[in-house]
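Letter by letter, the sequence shown follows residues -27 to -1, 1 to 163 in mature numbering (1 follows the signal peptide of the UniProt record, and there is no 0).
So the structure is just underneath, and the comments pick up after that.
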Amino acid sequence: MKRRHFFVTSLWAAPGAALGAPFAAFAPDPSDAPPTGPSFTVDAGAGRFGEKTFVGPNPNDLKIAGQDTGGALAVFEYTGTAKGGPSLHLHEAQDEVFYVVAGEYRFVVGEEQRHLRPGDTIFLPRQVPHTWTQLTDTGKLLYFLQPAGKMEDFFRVRSGSKTPLTGAEREQLFRDHGMRFLGPPLPVKP
C-alpha cells in the first residue's frame, strides 16, 4: 500500500483513534535518549564558553550550545544597545522562538507583522521568511533555535569579520549556515 494512501485511508477509517496512530511510529521516544551531559550554569552577561559574539554592536551570548543538547537546541541572549535588527532571511531546517525580556520589537513573519513587548513570545517556523527590528533604544531577547544547526558558527564568523561583506560573501555565509539571505533589515520605525 502506498504511504500517502495509507495515511488518508487511516484517517478516514477511524477518525478519532487513527489521527495520532499513523504518526506515533515515527515520533522519537525521549525516554530512549541518553543524557546529553552534565548540568551547568552560564553567568549573566557571559557566553557559554567565555566567548562574545555580536550582531552589529549588540552582544549575542550563547547560553546553551548545540553540543550541550546533542544538536537538538541552541539558546542565545541578545542585548540590544541600538535600534535595528537582522536582514530578512529564512532558516532551511530550524524553528526559532523569541522571548522579549526588555524593550519593544517589530517582527515580520511571512506576510504578518507583530509588535512584541516584554513578556511576549513569538514562534518563527522554518522555511518562512522573517526578520525583526528593535524599536526602543535598548532591549533584550532570549531566543531558541531547534535544532541547533550552525547558528553558533554563523555568529562566530560574522563577529570575526572586520570588514563589511560583499553581497556575494553575505549570501554564501548564509548558505554555509543553513539559511537564505532574502533582503535588507527592516527600517527602524514604530
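Even for Gly, the Cβ is constructed at its ideal location relative to N, Cα and C.
In the three-state reduction of the DSSP assignment, residue 149 falls in the helix class. Residue pairing of residue 68 in beta bridges, as defined by DSSP: 119.
In the pairwise beta carbon analysis, the region 149 to 156 is classified as touching the region 114 to 126: at least three pairs are separated by under 8 Å. DSSP places residue 77 in no beta strand (DSSP E); its state is neither H nor E. Judged by their CB atoms, residue 49 and residue 33 are nearer to each other than the 9 Å cut-off.
Secondary structure at residue 144: helix, using DSSP grouped into helix, strand and coil. Just so you know, the alpha carbons of residue 77 and residue 108 end up roughly 5 Å apart. Look at residue 125 here: in three-state DSSP terms it is helix. Here residue 73 is buried: its Cβ has 16 or more other Cβ atoms, across all protein chains shown, within 10 Å. DSSP places residue 47 inside the beta strand (DSSP E), whose first and last residues are 47 to 53.
By the neighbour-count criterion, in which a residue is buried when 16 or more other Cβ atoms sit within 10 angstroms of its Cβ, residue 122 is buried. Counting of Cβ neighbours within 10 angstroms places residue 90 among the exposed residues, the total staying below 16. Around the Cβ of residue 106, a 10 Å sphere holds 16 or more other Cβ atoms; the residue is buried.
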